[in-house]
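Notes for the one structure printed next.
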Amino acid sequence: MSTYDNVIEVFSEAGDVKHMEYTFEQRHAEGMKADTKTFCCLVRGYGNAPVFHKIISTVQLAGKLEIPENTTFCTAVIFACAKAEDTMEMERVFERRKDKQSQPDSTTYSIMVPN
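Numbering-wise, the UniProt record's numbering puts 53 at position 53 of the sequence shown, and it's gapless, one number per residue.
The following block contains the structure:
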């Protein structure tokens, strides 16, 4: 399972949506369930591509599959929102995270507060 995540992560960092999605579909076809790392990679990949409309649908899919909205996942969504320059959505995710008592980490703050 982690091999698929590692491959998805490499394509994600490159913003190669075609291969990222293909690998995700292959993983699913083999009966492997996605986890938080998988969805973090997908969201970051859509941010890097940039294919911003897919970020929201991916977050919604993660919710349907009951993927935990932990610090890592929320940070990936905030990263993608920052890439999209969607500060309103970025702040909404940040506030929702605080409401769930999921504490932001230093990575989150470095994304939220540009240098």
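Beta carbons: idealized from backbone N, C-alpha and C, even for Gly.
Could you tell me the distance, in whole angstroms, from the CA atom of residue i to the CA atom of residue j?
{"i": "TYR4", "j": "THR23", "result": "7 Å"}
{"i": "ALA62", "j": "GLU95", "result": "19 Å"}
{"i": "LEU65", "j": "ILE8", "result": "18 Å"}
{"i": "GLU21", "j": "LYS100", "result": "30 Å"}
{"i": "TYR46", "j": "ILE56", "result": "10 Å"}
{"i": "ASP86", "j": "VAL77", "result": "11 Å"}
{"i": "GLN26", "j": "ALA34", "result": "11 Å"}
My assumption, with CB atoms under 8 Å, is that residue i sits in contact with residue j. Please give the rounded CB distance.
{"i": "PHE79", "j": "ARG44", "result": "6 Å"}
{"i": "THR36", "j": "ASN70", "result": "6 Å"}
Thinking just about the alpha-carbon of each residue, which of the options is nearest to the one in residue i?
{"i": "MET88", "options": "PRO68, MET112 and THR71", "result": "MET112"}
{"i": "residue 161", "options": "VAL59, LYS98 and THR75", "result": "The structure shown has nothing for residue 161, since the chain only spans 1 to 115."}
{"i": "PHE11", "options": "GLN60, GLN103, LEU42 and LYS98", "result": "LEU42"}
{"i": "ASN48", "options": "SER110, TYR109, GLU69 and ASP16", "result": "ASP16"}
Taking residue i as part of the alpha helix (DSSP H), name the residues at either end of that continuous run.
{"i": "MET32", "result": "Unbroken run through MET32: none, as it is neither H nor E."}
{"i": "PHE52", "result": "Where PHE52 is concerned, there is no enclosing alpha helix (DSSP H), given that its DSSP letter is neither H nor E."}
{"i": "ALA14", "result": "2–14"}
{"i": "ALA84", "result": "Counting along the chain, ALA84 falls outside any alpha helix (DSSP H), and DSSP gives it neither H nor E."}
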